[in-house]
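**Q** The structure is given below, and queries will be raised subsequently.
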Amino acid sequence: MKTQLNFTASKSKHLADHLREQIQRGTLTSPPASTRAWSEQLSVSRMTLRAALRVLQREGCISIEPRRGIQIHPTKSKGSQRARDIAKVVRVIYYGRDFPDLSHCSEWIRALSERLQFQRVHVVMEKYSVRRLQELRRTVRDSVDLCLLLSLPPRHQQAIEKAGVPALVIGHVAAGVELPFVRVNIEGIIRNATHALLRRGRSRLHFVGVKCSAPGPTQSAKVFLDACSRWPRQPIVGQTHLISMNPALMHREAERFAQHVIPNDGVLVWSPIPLGLIMTALLRRNLGIPKPVEVVGLVPTNESLKVCPPPLHYPFPTDAFVKAIVRFAVRYFETGTLPPMRKLVSSEMKARPVA
Numbered sequence: 108m109k110t111q112l113n114f115t116a117s118k119s120k121h122l123a124d125h126l127r128e129q130i131q132r133g134t135l136t137s138p139p140a141s142t143r144a145w146s147e148q149l150s151v152s153r154m155t156l157r158a159a160l161r162v163l164q165r166e167g168c169i170s171i172e173p174r175r176g177i178q179i180h181p182t183k184s185k186g187s188q189r190a191r192d193i194a195k196v197v198r199v200i201y202y203g204r205d206f207p208d209l210s211h212c213s214e215w216i217r218a219l220s221e222r223l224q225f226q227r228v229h230v231v232m233e234k235y236s237v238r239r240l241q242e243l244r245r246t247v248r249d250s251v252d253l254c255l256l257l258s259l260p261p262r263h264q265q266a267i268e269k270a271g272v273p274a275l276v277i278g279h280v281a282a283g284v285e286l287p288f289v290r291v292n293i294e295g296i297i298r299n300a301t302h303a304l305l306r307r308g309r310s311r312l313h314f315v316g317v318k319c320s321a322p323g324p325t326q327s328a329k330v331f332l333d334a335c336s337r338w339p340r341q342p343i344v345g346q347t348h349l350i351s352m353n354p355a356l357m358h359r360e361a362e363r364f365a366q367h368v369i370p371n372d373g374v375l376v377w378s379p380i381p382l383g384l385i386m387t388a389l390l391r392r393n394l395g396i397p398k399p400v401e402v403v404g405l406v407p408t409n410e411s412l413k414v415c416p417p418p419l420h421y422p423f424p425t426d427a428f429v430k431a432i433v434r435f436a437v438r439y440f441e442t443g444t445l446p447p448m449r450k451l452v453s454s455e456m457k458a459r460p461v462a
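Under the working numbering, think of the first position of the sequence shown as 108, with each following residue one higher.
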C-alpha cells in the first residue's frame with residue numbers, strides 16, 4: 108500500500124522530516140533496496156527522495172554504502188546519551204597541498220580549543236587525504252566526531268558530504284554542496300575597503316589573495332573587480348594577484364606583484380598572505396606606506412599586524428567567529444545531528460594609530 112504524502116513548500120524538507128520521525132520511532136528499519144522502488148512507495152519523485160536522503164545523511168540518520176544500499180542508524184537521534192558516553196572530538200581538517208601549516212589560523216583555533224575544553228571537547232588538527240576520508244567513511248556510523256573543513260577544494264567538500272561525515276565548512280562552500288558553514292563576510296569587507304580607497308582618490312587598486320584550490324579566493328577576487336567596475340567615477344583599474352603559500356614560491360611571487368604597483372595605488376591584502384611580505388616587497392621598490400601606496404589588511408592575524416607603520420585593517424572577528432563554532436559544536440554533540448548554520452561574521456575597519 109502506497110503512503111500518500113501531500114508536500115507543498117520544499118517537498119524534500121518535508122519528506123526528510125517524515126522519514127526522520129519514522130526512524131526515531133523505529134518504524135523505518137529496512138527501506139527498499141532502490142530509490143526507484145522507495146520513491147514509488149512514497150509517491151514522490153526520485154529527485155525529491157534523493158534530496159531528502161542527502162539531508163538525513165548529513166544528519167547521520169542514514170548512510171549509503173556500496174553494495175549494501177541505504178543503512179538506517181536510529182541511535183544517531185539519541186545524541187545526548189552517546190555524547191555522554193563517547194569522547195568528543197572536533198577535527199580541523201585542512202588541505203596540506205595548499206597550506207603547509209595552520210599558522211594563519213592559530214589564534215582562532217587556540218581560542219576555540221580553550222572554550223571547548225569547558226565542554227570536554229578536544230580539538231585536533233590534521234591534513235586531508237583520500238586515505239583519511241576512507242577512514243572517516245568507515246567510522247562514521249560509530250563516531251560522534253565533528254569535522255571542521257578548512258579551505259578544502261570543491262571535490263573534497265563533495266566527497267565529505269557524500270560520505271555522510273558530520274562537518275561544518277569554515278569558509279566558502281563549494282557550488283552544489285549543502286553543508287552548514289561559518290565564515291567571515293569577506294565580500295562585505297572587500298567592498299567596504301575598495302570603496303574606502305577609492306574615496307581617498309586611489310584610482311588603481313590591487314587585490315592580493317592566496318593561491319589555492321578552495322573556492323573562496325576566486326570568488327572574492329570577482330567581488331573586488333565588481334566593486335571597482337561599479338564605482339560611479341571611472342576609469343578605475345582593478346588588478347587581482349594570487350600568491351602561493353609555498354615558501355619556495357611566496358617571496359618570488361610577492362616581488363613579481365610589487366612590479367605592478369606604482370605611486371598612488373591602493374593594495375588590499377587578504378589573510379593568510381602576510382602583511383609584512385607585501386609591505387617589504389613594496390619598500391624594496393621604494394614605494395613607501397601609506398604614501399605613496401596605501402595598504403589595507405583584510406582580517407589579518409595579530410602577528411601579521413606587527414609591522415611599521417601599522418596599516419588600515421579589518422581585524423579578524425575572533426570572538427564572534429569562535430562563539431558561532433562553539434554553539435554549533437555544542438548543539439551537535441547534544442543532539443547527534445548537524446544544526447542548520449549559514450553564518451557570516453562581519454568586521455569593521457580599524458583606523459591607523461595617530462603618530
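Just so you know, even glycine gets a beta-carbon here, dropped at the ideal spot from N, CA and C.
Does the distance from the C-beta atom of Lys118 to that of Val162 stay below 8 Å?
**A** Translated into positions along the sequence shown, residue 118 becomes position 11. Translated into positions along the sequence shown, residue 162 becomes position 55. No, the Cβ-Cβ distance between Lys118 and Val162 is not below 8 Å.
**Q** What's the call for Arg449, buried or exposed, on a 16-neighbour Cβ count within 10 Å?
**A** Against the sequence shown, residue 449 aligns to sequence position 342. Exposed.
**Q** What do you get for Ile385, buried or exposed, if any count of 16 or more other CB atoms within 10 angstroms of its CB means buried?
**A** Residue mapping note: residue 385 aligns to position 278 of the sequence shown, counting from 1. Looking at its Cβ environment, which holds 16 or more other Cβ atoms inside 10 Å, Ile385 is buried.
**Q** Please state whether DSSP places Leu256 in a helix, a strand or coil.
**A** Your numbering for residue 256 matches position 149 in the sequence shown. In the structure shown, Leu256 sits in a strand (DSSP, three-state: E or B).
**Q** On the three-pair Cβ rule with 8 Å, is the region 366 to 384 touching the region 310 to 320?
**A** Verdict: yes, contact present.
**Q** Leaving aside the five residues before and after Ala270 along the sequence, list all residues of the same chain whose C-beta is less than 6 Å from its C-beta, in chain order.
**A** Position 163 of the sequence shown, counted from the start, is the residue given in the question as residue 270. Here the set comprises Arg244.
**Q** Between the beta-carbon of Val414 and the beta-carbon of Leu382, is there less than 8 Å?
**A** One-based indexing of the sequence shown puts residue 414 at position 307. One-based indexing of the sequence shown puts residue 382 at position 275. Their beta carbons are under 8 Å apart, which means Val414 touches Leu382 by this criterion.
**Q** Less than 8 Å between the CB atoms is what I'm expecting for Ile343 and Cys254, so what's the real figure, rounded?
**A** By 1-based counting over the sequence shown, the position of residue 343 is 236. By 1-based counting over the sequence shown, the position of residue 254 is 147. Not really, about 41 Å apart at Cβ, beyond 8 Å.
**Q** So, with DSSP's three-state summary, where would you put Phe206?
**A** Counting from one through the sequence shown, the residue named residue 206 turns up at place 99. In this structure, Phe206 counts as coil in the three-state DSSP scheme.
**Q** Classify Thr136 as helix, strand or coil using the three-state DSSP reduction.
**A** Indexing the sequence shown from 1 puts residue 136 at position 29. In the structure shown, Thr136 sits in coil (DSSP, three-state: anything other than H, G, I, E or B).
**Q** Does the beta-carbon distance from Arg273 to Leu160 come in below 8 Å?
**A** On the sequence shown, residue 273 is found 166 positions in, with the first residue counted as 1. On the sequence shown, residue 160 is found 53 positions in, with the first residue counted as 1. Here residue 273 is Pro; the residue named in the question, Arg, does not match the sequence. The answer is no: Cβ separation not under 8 Å.
**Q** Taking C-beta to C-beta, are Val228 and Lys195 nearer than 8 Å?
**A** Here residue 228 corresponds to residue number 121 of the sequence shown, with the count starting at 1. Here residue 195 corresponds to residue number 88 of the sequence shown, with the count starting at 1. Yes. Within cutoff.
**Q** Got a sec? Which residues, its chain only, sit under 6 Å from Gly373 by beta carbon, not counting five neighbours each side?
**A** Locating residue 373 in the sequence shown gives position 266, counting from the first residue. Leu304, Arg309, Leu312, Glu401.
**Q** In this structure, does DSSP put Val400 in helix, strand or coil?
**A** On the sequence shown, position 293 is the one that residue 400 refers to. Coil, per DSSP.
**Q** Can Val276 and Ile297 be called in contact, C-beta distance under 8 Å?
**A** Residue mapping note: residue 276 aligns to position 169 of the sequence shown, counting from 1. Residue mapping note: residue 297 aligns to position 190 of the sequence shown, counting from 1. Cβ distance not < 8 Å, so Val276 and Ile297 don't count as in contact.
**Q** Are there 16 or more other CB atoms within 10 angstroms of the CB of Thr134, so buried, or fewer, so exposed?
**A** Against the sequence shown, residue 134 aligns to sequence position 27. Classification of Thr134: exposed, given that the 10 Å Cβ count is below 16.
**Q** I'd like to check one pair, Val284 with Val230: are the Cβ atoms closer than 8 Å?
**A** Position 123 of the sequence shown, counting from 1, holds the residue named residue 230. Position 177 of the sequence shown, counting from 1, holds the residue named residue 284. For Val230 and Val284, no; Cβs fall outside 8 Å.
**Q** Taking just the CA atoms, how far does Phe206 sit from Lys318?
**A** On the sequence shown, residue 318 is found 211 positions in, with the first residue counted as 1. On the sequence shown, residue 206 is found 99 positions in, with the first residue counted as 1. Near 10 Å, if we compare the C-alpha coordinates of Phe206 and Lys318.
**Q** Can you pull the DSSP bridge partners for Ala274?
**A** If you number the sequence shown from 1, residue 274 lands on position 167. The partner list for Ala274 (beta bridge, DSSP) reads Cys254.
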